[in-house]
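Take a look at the structure set out below.
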Amino acid sequence: LEKGNEVVSAAVDVVTNDPTRQIGSVEVVIGPSNITIYSLEVDAESDKKQSRSKRKVKSKKEKKKAKSIKKTTERRKEAIIRTIPIQTITFTGVDQNNPIMFSFVSKVPKTTTNLCHIFKTSQKQHANDMADSVGAAFTAAKHLRVDPFALKRETVDTKELVQGFFAELQFERNLLEAKTVIGHGQYGKVFLARYLNPQSGENDSTEKKIKPVAVKLMKGQVSAEDAVDFLREACMMMNFKADENGENGEDDDDSEGKSRLLQIVGACVERSPWLIVVEFMQYKDLGIVLKKCKECKMLLRTHEMLSFMTQVAHGLSFLAKHRFLHRDVAARNVLLHHNNQVKIGDFGLTQKLREGKDSWKMKKTHRLPVRYMAPESLSEKRFSLQTDVWAFGVYMWEVMTYGAIPWSSQGVKAVNVKKAVLAGERLVIPKVLHADAFEKEEEEQHVEQIFLDLYSIASSCWLQEPKDRPLMNELHHSLTEKYKTETSFYGEERKERDIGKECFRALEKKKANGVRRGTRGGSLIRANK
């Protein structure tokens, strides 16, 4: 503080004695993120021009109003002398020797230079008010940097959203503590955070008192349509919220199927920034992990592949039973946790079928995952339970190919997928990559046969007619049986590994050996050791 006062006093002396450093009358606007300095000299000149213009169009009121608004906007842009980001400010105060002199010091970005801004006000109180305002803006900006979930200074009150449907989800945002950014979604950043459970008691474990969560934060500048979509996904996830107390009378299969869907924890939508809080999955999306497994030569055994397939089939079977269309089934939307637990996420495109209807037709133009779409979706924009079956077959293929991009290996670009699918082309059988060196030839042949069987199941999902494709519960049943068989085949000596943890360790070892990890290696969250 003392050093800041010394800098200001010295700067005041320099500016007072050097007219070339004085820029005339200005207006200072203190916003939530910037301080903008406008020249009133430019405004005065513009006012003269505008007054002359007004005399020419006195009789044309509407035209005059439109021109006035346009000229005011242009004048404001022209009058800007400097815009200073709030976070660059290091000191603000009033000169002790000249109490009508208000000032603030800011760092010049990308340099080590500090810039001192001096303003002469008409009254001592004005200078004090200005200093207080800048200090308050700086404190608020600093708070938002430390806590990205904090309420913004200038925001629209949306408390009406808390009523009704969102009332059950709403909780206090001060129960969240942001840790780090773990991703970027369509609407903004995704944070890893700690959730302080207010329902926990003194005797509860630390895991129950504090648990990790993922927080989707909606960025400030989004369209009304995006804002609706952001909230719509939260509404959709409410349909799949697990019954933790067992009060809904769900059967075990329903309960287990629902647990294969990413769970929503809560939402903060009373004011911006809006937050949607979901359970945290340690290793994020399976598609990335599969690619990294192949890169590190950590190959999967068939029962490990079947574990990923069976769990997703169970989740989709639950959705199909309750007539929900996911419409975006893909490895990138399957999230991996400890001990090979996977859950289906991203319900932004999910639709509920109406009673008596067996399909839903999209009417609006929307970005769609064409590499995963069935013929009827590509040609007619029609979706059904059987189009999710088609996409599930593509997901199976992704697991078998370690996250390869569908159709790319066959030289088919996204813009040509529709033509290829409608012409009867299908994804080709992947090459078998053995995770183990078998002593017996029949063991190796067994694995190769299982691979053929899995491809056969995936191929059945790609039959031209929707009615000829298997139902999701049938797929779940057949894959579960194969999973049991393969678990028995590998036995205790080669039981399932924790793929996320092992992949992370392989990446760390590779990094330690000086081998470049690739552009997306950092996407894996640090494994618990």
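Residues in the sequence shown are numbered consecutively from 1, following full-length UniProt numbering.
Think of the CB as a built atom: it goes at the ideal place given N, C-alpha and C, for glycine as much as any other residue.
Do residue j and residue i come within 8 angstroms of each other at the CB atom, strictly closer than that value?
i	j	result
R327	T310	no
Y395	A320	no
residue 567	V312	Lying before the first or after the last residue shown, residue 567 is absent from the chain, which here runs from 1 to 529.
I89	V105	yes
V213	Y187	no
I118	V15	yes
L336	F280	no
G266	F347	no
residue 530	V8	Residue numbering for the chain in the displayed model covers 1 to 529; residue 530 lies beyond these limits and cannot be assessed.
E398	G315	no
V334	D388	no
A234	K258	no
V278	F308	no
D453	K482	yes
P273	S384	no
A420	V428	no
N98	V190	no
V417	V370	yes
G127	I100	In the sequence as presented, Gly is not what sits at residue 127; that position holds Ala. Against a cut-off of 8 angstroms, the Cβ pair of I100 and A127 comes out as a contact.
W462	W407	no
M305	M400	yes
Taking residue i as the reference, give the member of the options with the closest Cα.
i	options	result
Y402	P99, S223 and R301	R301
I81	S25, K482 and S122	S25
L299	I499, D253 and T113	I499
H322	G93, D253 and M373	D253
N340	Q282, Y38 and W407	Q282
A374	K189, Q464, I35 and V342	Q464
R271	K292, G93, K107 and R173	R173
K511	K292, L378 and V417	K292
H446	H303, P198, L353 and I210	H303
T485	I450, E508, N34 and P430	I450
T92	V269, E6 and E443	E6
L422	L378, S409 and Q96	L378
T365	F504, E250, K381 and I344	K381
G185	T36, A178 and G345	G345
CA-CA distance, residue i and residue j?
i	j	result
M130	L275	33 angstroms
L115	G4	12 angstroms
R469	E493	37 angstroms
K120	G135	18 angstroms
V146	F230	Confidence at V146 is low in this model, with a pLDDT of 48, below 50, so the placement of that residue is unreliable and no value is reported for it.
F318	L261	9 angstroms
S456	D358	26 angstroms
T180	L217	12 angstroms
C296	V289	10 angstroms
R232	L479	32 angstroms
A10	K107	17 angstroms
K211	F324	29 angstroms
E154	R354	Legend: pLDDT at E154 = 46, less than 50; position of this residue unreliable, value from coordinates given subsequently. Spanning the two alpha carbons is a distance of roughly 41 angstroms.
E441	L169	56 angstroms
I264	L471	27 angstroms
A458	K110	54 angstroms
Q123	N34	24 angstroms
G183	G514	26 angstroms
T20	A224	48 angstroms
Can you name the residues that DSSP bridges to residue i?
i	result
V215	F191 and V277
A242	According to DSSP, A242 bridges with nothing at all.
C116	V105
P85	N34
E177	R194
G93	S103
Q351	L325
Every unbroken alpha helix (DSSP H) inside the region 421-468 [4 residues or more]: 441-460
Could you pull out every unbroken beta strand (DSSP E) segment of at least 3 residues lying fully inside the region 257-337, listed in chain order? 264-268, 275-279 and 334-336
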